[in-house]
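Taking it in order: structure first as structure tokens, then the write-up.
In the numbering used here, the protein residues as written are 1 to 353.
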């Protein structure tokens, strides 16, 4: 009887072990199947993106050409000729009020069908910004802009000298705070000073002293000397949040600021830091944009006398961003275009973002 009992116990244990092994095997197979299915899904998505790459690029280029058409048509609108403003169709505004004057009836900048795909277009003029390449001739304005972006006096001096060295054509660093290739080659990774004009505003991130927080703006406090203290505390009593240098400067423009499209900070900087007058300019232009060079004094008012020559009402350089979609595949493209004739815009740069 005892041997029979032992045999039954051993048999039960064997069945239990076998069941555990079967369950573990099933679990492992299920996990492997899930991993395989996910891997196949990723590979299919990559293959789809690769196969759609050419089609998406041409959709992106089509979006840029559509943006050019919009700008050419804008220049022909009788009631809006001679100026660019945020209430116009190209900028996302309603466009001409009179239907007979409106070449954009039935047009849209969003979800435009192109063949089997769709594109959405965003157009932004560059005359709404200060041109960074002209700052060497106006160091006082550069200092004011750096201060508005959150740089203190020491940081501003570092960046001003380093920016001069970045753009000048020699390898002699400015005394004290300058930075030429010798400085940048000591960084990780190393690189050389540009020794030429800035072509892309993101180059500022390579210049000594320009931190990501200073460039992008926001509620940060990061010094040019590399003291990364992160987010500002809730006890910060700054009157206004800092804006990024990318919201102030561009790399290519006609040089003068479009009084109809610039933000309050840029207008205030041109006006020597007068934010009150800049706010009044925004209020007046919202009611009625400046319709030409002779109308700038109306928008500026008596307090803006002497600043008219620093502003314009026409923009010539534009950034176009295109979201191209083909089925589930999507890409975003960036183009820089410039007016080269009464009915022509030249593409200076086209790339995938």
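Note that CB positions come from ideal geometry on N, CA and C, so glycine has one too.
Three CB pairs or more closer than 8 angstroms across the segment 58-72 and the segment 271-287: Result no; under three Cβ-Cβ pairs closer than 8 angstroms.
Residue interval of the alpha helix (DSSP H) (run including residue 302): Position 302 of the chain shown, counting from 1, holds the residue named residue 302. That residue, residue 302, is in no alpha helix (DSSP H); it is neither H nor E in DSSP.
Where residue 292 sits in the DSSP three-state scheme: The residue given as residue 292 occupies position 292 in the chain shown. Collapsing the DSSP output to three states places residue 292 in coil.
In this structure, does DSSP put residue 322 in helix, strand or coil? Counting from 1 along the chain shown, the entry for residue 322 is found at position 322. Residue state, collapsed to three classes: strand.
Straight-line CA distance for residue 345 to residue 124? Indexing the chain shown from 1 puts residue 345 at position 345. Indexing the chain shown from 1 puts residue 124 at position 124. A direct Cα-to-Cα measurement between residue 345 and residue 124 gives close to 14 angstroms.
When DSSP labels each residue in this structure, what does residue 346 get in the three-state scheme? Taking the chain shown and counting its residues from 1, one reaches residue 346 at position 346. Reduced to three states, the DSSP call for residue 346 is strand.
Between the segment 106-124 and the segment 316-333, do three or more beta carbon pairs fall short of 8 angstroms? Yes: at least three Cβ pairs fall under 8 angstroms.
Based on the DSSP secondary-structure assignment, which residues constitute the bridge partners of residue 131? Taking the chain shown and counting its residues from 1, the one referred to as residue 131 is at position 131. Residue 131 is bridged to 250.
Cross-strand partners of residue 111 (DSSP beta bridge): Numbered from 1 along the chain shown, position 111 holds the residue referred to as residue 111. Looking at the DSSP assignment, residue 111 forms no beta bridge with any residue, so it has no partner.
Locate the alpha helix (DSSP H) running through residue 267, then write down its first and last residues. Taking the chain shown and counting its residues from 1, one reaches residue 267 at position 267. Judged by DSSP secondary structure, residue 267 falls within the alpha helix (DSSP H) whose first and last residues are 264-270.
Unbroken beta strand (DSSP E) run spanning residue 335, endpoints: Translated into positions along the chain shown, residue 335 becomes position 335. Its beta strand (DSSP E) spans residues 329-341.
Taking DSSP as the reference, what is the three-state secondary structure of residue 210? On the chain shown, residue 210 is found 210 positions in, with the first residue counted as 1. In the three-state reduction of the DSSP assignment, residue 210 falls in the coil class.
Taking the straight line between their C-alpha atoms, what separation do you get for residue 210 and residue 128? As a position in the chain shown, residue 210 is number 210, starting the count at 1. As a position in the chain shown, residue 128 is number 128, starting the count at 1. Taken atom to atom, the span from the alpha-carbon of residue 210 to that of residue 128 is near 22 angstroms.
Beta-carbon separation (whole angstroms), residue 130 vs residue 248, contact threshold 8 angstroms: Walking along the chain shown from the start, residue 130 turns up at place 130. Walking along the chain shown from the start, residue 248 turns up at place 248. The beta-carbon separation of residue 130 and residue 248, rounded to 6 angstroms, stays under the 8 angstroms limit for a contact.
Throw me the rounded Cβ distance for the residue 291 and residue 313 pair, which I believe falls under 8 angstroms. Your numbering for residue 291 matches position 291 in the chain shown. Your numbering for residue 313 matches position 313 in the chain shown. For residue 291 against residue 313, the beta-carbon gap comes to about 7 angstroms, under 8 angstroms, which counts as contact.
Would you identify the three-state DSSP class for residue 259, choosing helix, strand or coil? One-based indexing of the chain shown puts residue 259 at position 259. Three-state result, residue 259: coil.
Nearest-angstrom Cα separation, counted from residue 105 out to residue 302: Counted from its first residue, the chain shown places residue 302 at position 302. Counted from its first residue, the chain shown places residue 105 at position 105. Cα-Cα distance, rounded: 39 angstroms.
Which residue's Cα is closest to the Cα of residue 333: 316, 286 and 353? For the purposes of this step, residue 333 is identified with residue 333 of the chain shown, where counting begins at 1. It is 353 whose Cα lies nearest to the Cα of residue 333.
Please work out which residues of its chain come closer than 7 angstroms, Cβ to Cβ, to residue 354, disregarding the five sequence neighbours upstream and downstream, and give them in chain order. Outside the modelled stretch of the chain, which goes from 1 to 353, sits residue 354, for which no answer is possible.
By Cβ distance, which residues of its chain are closer than 7 angstroms to residue 331, with the 5 residues on each side in sequence left out? Position 331 of the chain shown holds residue 331. Hits under 7 angstroms: 56, 60, 324 and 352.
For residue 77, name the three-state secondary structure that DSSP assigns. Along the chain shown, one-based indexing puts residue 77 at 77. DSSP, reduced to helix, strand and coil, places residue 77 outside both helices and strands of the structure shown, so it counts as coil.
Within a Cβ cutoff of 7 angstroms, which residues of the same chain sit near residue 226, ignoring the five residues on either side of it in sequence? Position 226 of the chain shown, counted from the first residue, corresponds to residue 226. In this prediction, residue 226 scores a pLDDT of 39, lower than 50, which makes its location untrustworthy; the coordinate-derived value is nonetheless stated afterwards. Around residue 226: no qualifying Cβ.
First and last residue of the uninterrupted alpha helix (DSSP H) at residue 143: Within the chain shown, the letter at position 143 stands for residue 143. 139-148 is the extent of the alpha helix (DSSP H) around residue 143.
Output the boundary residues of the alpha helix (DSSP H) element that contains residue 287. As a working note, residue 287 is residue 287 in the chain shown. Counting along the chain, the unbroken alpha helix (DSSP H) around residue 287 starts and ends at 275-287.
Taking the beta strand (DSSP E) that residue 123 belongs to, which residues open and close that run? Numbered from 1 along the chain shown, position 123 holds the residue referred to as residue 123. Where residue 123 is concerned, the enclosing beta strand (DSSP E) stretches over 117-125.
Top-ranked residue by Cα proximity to residue 167, from 114, 200, 15 and 304: Start at 1 with the first residue of the chain shown, and residue 167 comes out as number 167. Looking at the Cα atoms, 200 is the closest of the given residues.
How big is the Cα-Cα spacing for residue 234 and residue 258? Position 234 of the chain shown, counted from the start, is the residue given in the question as residue 234. Position 258 of the chain shown, counted from the start, is the residue given in the question as residue 258. Residue placement at residue 234 is flagged as unreliable, the pLDDT there being 31, under the threshold of 50; a coordinate-derived value is accordingly withheld.
When burial is assigned at 16 or more other CB atoms within 10 Å of the CB, is residue 91 buried or exposed? For this step, residue 91 is matched to residue 91 along the chain shown. A buried status is given to residue 91, since no fewer than 16 other beta-carbon atoms sit within 10 Å of its beta-carbon.
Looking at the unbroken alpha helix (DSSP H) that takes in residue 159, where does it start and where does it end? For this step, residue 159 is matched to residue 159 along the chain shown. Taken as a continuous stretch (DSSP letters only), the alpha helix (DSSP H) holding residue 159 covers 153-167.
If you draw a straight line from the alpha carbon of residue 268 to that of residue 281, how long is it in whole angstroms? Position 268 of the chain shown, counting from 1, holds the residue named residue 268. Position 281 of the chain shown, counting from 1, holds the residue named residue 281. So the two alpha carbons sit approximately 9 angstroms from each other.
Segment limits, alpha helix (DSSP H) that includes residue 183: Residue 183 sits at position 183 when you count from the first residue of the chain shown. Under the DSSP assignment, residue 183 falls in the alpha helix (DSSP H) whose first and last residues are 181-184.
Counterpart residues of residue 63 in DSSP-defined beta bridges: Residue mapping note: residue 63 aligns to position 63 of the chain shown, counting from 1. Looking at the DSSP assignment, residue 63 forms no beta bridge with any residue, so it has no partner.
Consult DSSP for residue 15 and reduce its assignment to one of helix, strand or coil. The residue you call residue 15 lines up with position 15 of the chain shown. Helix.
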